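Please read the structure below before turning to the comments.
Protein chains: 2
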Amino acid sequence: MRATLMYKAGDVRVVEVPDPEIEAPTDVVIRVTHACVCGSDLHPYHDLEDTPEGRRMGHEAIGVVEQIGADVERLAIGDTVIVPFAWSDNTCVHCRDGITTSCVHGGFFDGAPSATQAEKLRVPQADGTAVVVPAGTDESLFPSLLTLSDVYLTGHHAAVRGGVEAGKTVAVIGDGAVGLSAVLAAAQLGATTIILMGRHEARTDLGREFGATHVVAERGEEGIAAVLEITDGLGVHVVLEAVGHMPAYEQSYGIVRPGGTISRVGVPQYEDAPVGFASLFGKNVTLTGGPAAVRAYLEAALPTVLDGTIDPGRVFDRELPLGEIAEAYRLMDAREALKVLIRP
Amino acid sequence: MRATLMYKAGDVRVVEVPDPEIEAPTDVVIRVTHACVCGSDLHPYHDLEDTPEGRRMGHEAIGVVEQIGADVERLAIGDTVIVPFAWSDNTCVHCRDGITTSCVHGGFFDGAPSATQAEKLRVPQADGTAVVVPAGTDESLFPSLLTLSDVYLTGHHAAVRGGVEAGKTVAVIGDGAVGLSAVLAAAQLGATTIILMGRHEARTDLGREFGATHVVAERGEEGIAAVLEITDGLGVHVVLEAVGHMPAYEQSYGIVRPGGTISRVGVPQYEDAPVGFASLFGKNVTLTGGPAAVRAYLEAALPTVLDGTIDPGRVFDRELPLGEIAEAYRLMDAREALKVLIRP
């Protein structure tokens, strides 16, 4: 089959690889019908060292079950399934706590031997991981369903962990697909004021349609001042940080109000950061977030896509065949595309 | 009057200073009847630079109202009052949010022109700040009442911000007075497993009486291993970090379970710390805490001391007159005393 491999920063190729096979009795193998490129794929696209064997790419997928392990009970050949970016048994203590990305039998497709930007995918812990899409679901809904694999529910995770609820004032840092998803999720959770910090007008326009009440294009000290101006000098209750770089972190503690929360879902591209009296401690600020527990939210979110309550698939503004995925990376890196859907 | 001043690290003296006076119509002046030395006073005791004019010390007090500003309505001359370590108007937006240490009219006695290790104290925003002790309260309860000025309610703040509740597994790092208070508070909030990390046996014995179910004397990697052993390899739901030094922070993220919370009330002696994928983010760990909103908890805690439900004053193991306060600092710094009550 064909799969996407990255060999070094900027070097993405579609190559022939062996088909994945059932390795454990809890696996299924799916034929991937919908995949996409994630903002986090751009991190290795910027800095991956020479990797002669290539790194398998992609962690978001919808597909049709083609092979099934002996112990799989909940899935059948022919089922169309959404596959979250991390697999999980959905029964362990951490899954029961709602932190499926820390499943004791879990793992991440990102960098795994079988990843999603490919014609086929091996799904470990398939009973726990994959969620069936009802037969007969309209094709037009599939972009939105695909966002339940990662991007929309990552925005939702930020909002949930951040404690967004009715009446809360929220700022979202980042106008990428995760940031826009966080806007939509915050609106669904009842936030009344949603300030989107971003400067790409086509994106912030979509953010307004998703529920942003204000857009702040300024960054750094100017951006902080603008948010304080909007919030009567108080700052926001919740910051949803959907970038992952240090300036976004610094902006976060500049705009959060005393007792407020910074919820991060942008994968941090730093390990150390300010957390002392001058940044978090003095204002009793809470810092939370992490890899989204997509699986924990998926079954509740599915009907809201199917009935049209939310349409998070609008973050896809381009679609390309698998063979042109290198162009998808280029478009997203150049910010010429917000998010590219891939049809293997 | 006599007041305590620190002139440099290790140099604490009781000197004659002018009596405090009403400066704003919202002030009262109290005669301090009970004060004490805080673990956080030991930070300048270790590292205060030469300060020729001296730094006023002390931020915990009970006293009797002697003078009263024209706008004070809730207090009368002769009232015995508990004064939290920070003053606050108790009406502003942050006070209403329960973050009284961020009051827009607030401030900290620590380092202020009038501080509590003295015969008299000026209390700003007195209506909002001071809480009256019922007349006729038995003298034996005053050590416990004094802990409502800071230490017990700082432990309580850690537990509340950390989300301690029935069924949660909690670790407390630090066997100082704040750590032991955090143990007592966690037990009051219903934690079933409370692991106290400390190595001073007299203190950890008191911790057991306060509700600790386990004591771990080891530190660093050994301490982390011991906590994981107690928790079936999972780690704890909540870490209450009552030290403020980097090794305690590192220990915290080593023992917290996925999705768990680290709540800090030890004033951090660092600004930058690990918060990236390897420490907090990867496990969806929440970091919270800050200066305790003592005032927000004080009225609810008062009856629990008066009726004997809790006896947090047991953290005081010595009592000295104001004139001997330098010895109190020495005793606490040498860990010969847990916490010293001062009678001006």
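Chains as they are written, first to last, in full-length UniProt numbering: chain A, 1 to 344; chain B, 1 to 344.
Built from N, CA and C at the ideal position, the CB exists for glycine as well.
Nothing here was measured: the structure is a model prediction, and the numbers come from that model.
- One thing to note: G174 of chain B has its Cβ within 8 angstroms of the Cβ of V243 of chain B.
- The C-beta of N284 of chain A comes closer than 8 angstroms to at least one C-beta of chain B.
- According to the DSSP secondary-structure assignment, L322 of chain A is paired through a beta bridge with no residue.
- Taking the Cα of P303 of chain B as reference, the smallest distance to any Cα among B:Q125, B:T137, B:K283, B:D232 is reached at B:T137.
- Taking C-beta atoms as the reference points, V28 of chain B and K120 of chain B fail to come closer than 8 angstroms.
- Judged by their CB atoms, V37 of chain A and K283 of chain A are not nearer to each other than the 8 angstroms cut-off.
- Per DSSP, M1 of chain A is not a residue of any beta strand (DSSP E), being assigned neither H nor E.
- Of the other Cβ atoms in all chains shown, fewer than 16 fall within 10 Å of the Cβ of D50 of chain A; this residue is therefore exposed.
- In this chain, Q269 of chain B is not harboured by any alpha helix (DSSP H), its DSSP state being neither H nor E.
- Counting the other Cβ atoms within 10 Å of the Cβ of G190 of chain B gives fewer than 16, which makes it exposed.
- With a beta-carbon spacing of about 17 angstroms, G58 of chain A and A9 of chain A fall beyond the 8 angstroms limit used to define contacts.
- At least one C-beta of chain B is nearer than 8 angstroms to the C-beta of T288 of chain A.
- Counting along the chain, L121 of chain A sits inside the beta strand (DSSP E) bounded by residues 120 to 123.
- A Cβ of chain A is located within less than 8 angstroms of the beta carbon of Y270 of chain B.
- In the three-state DSSP reduction, L189 of chain A falls in the coil class, being neither helix nor strand.
- Proximity of chain B to A171 of chain A at the Cβ level (cut-off 9 angstroms) is not reached, the minimal Cβ distance being about 17 angstroms.
- Close CB contacts of G289 of chain A within its chain, under the 8 angstroms cut and outside five residues either way in sequence, are with H157, A158, R161, G162, E241, I262, S263, R264, V265 (chain order).
- DSSP places F109 of chain B outside both helix and strand once states are collapsed to three, so it counts as coil.
- In the structure shown, the three-state DSSP call for M332 of chain A is helix.
- Listed as beta-bridge partners of S263 of chain B by DSSP are B:L240, B:T288.
- Judged by DSSP secondary structure, Q251 of chain A falls within the alpha helix (DSSP H) whose first and last residues are 246 to 255.
- Taken through DSSP and simplified to helix, strand or coil, K8 of chain A comes out as strand.
- Neighbours of V267 of chain A in chain B, taken as residues at a C-beta separation under 8 angstroms, are given in chain order as F277, F281.
- Taking a Cβ-Cβ threshold of 8 angstroms, the residues of chain A close to V93 of chain B are L234, in chain order.
- Pairing L234 of chain B with Y253 of chain B gives a Cβ-Cβ distance that is not under 8 angstroms.
- In this structure, T193 of chain A lies away from V216 of chain A, with their beta-carbon atoms at least 8 angstroms apart.
- At least one CB atom of chain B sits nearer than 8 angstroms to the CB of I99 of chain A.
- A Cβ-Cβ distance of about 36 angstroms is found for the pair A130 of chain A and I195 of chain A, leaving them out of contact under the 8 angstroms criterion.
- Taking C-alpha positions only, A166 of chain B is separated from A212 of chain B by approximately 14 angstroms.
- Under the DSSP definition of a beta bridge, A171 of chain A partners with A:I195, A:V239.
- Each residue's CA atom was taken as its position, placing Y7 of chain A and V14 of chain A some 11 angstroms apart.
- At a beta-carbon threshold of 9 angstroms, none of the residues of chain A lie near S181 of chain B; the nearest stands roughly 18 angstroms away.
- Boundaries of the beta strand (DSSP E) around E66 of chain B: 61 to 68.
- Counting along the chain, the unbroken alpha helix (DSSP H) around R295 of chain B starts and ends at 294 to 306.
- Of all C-beta pairs linking the region 196 to 203 of chain A to the region 178 to 186 of chain A, three or more are shorter than 8 angstroms, placing the two stretches in contact.
- Near chain B, meaning a CB-to-CB distance below 7 angstroms, the residues of the region 242 to 259 of chain A are P258, G259.
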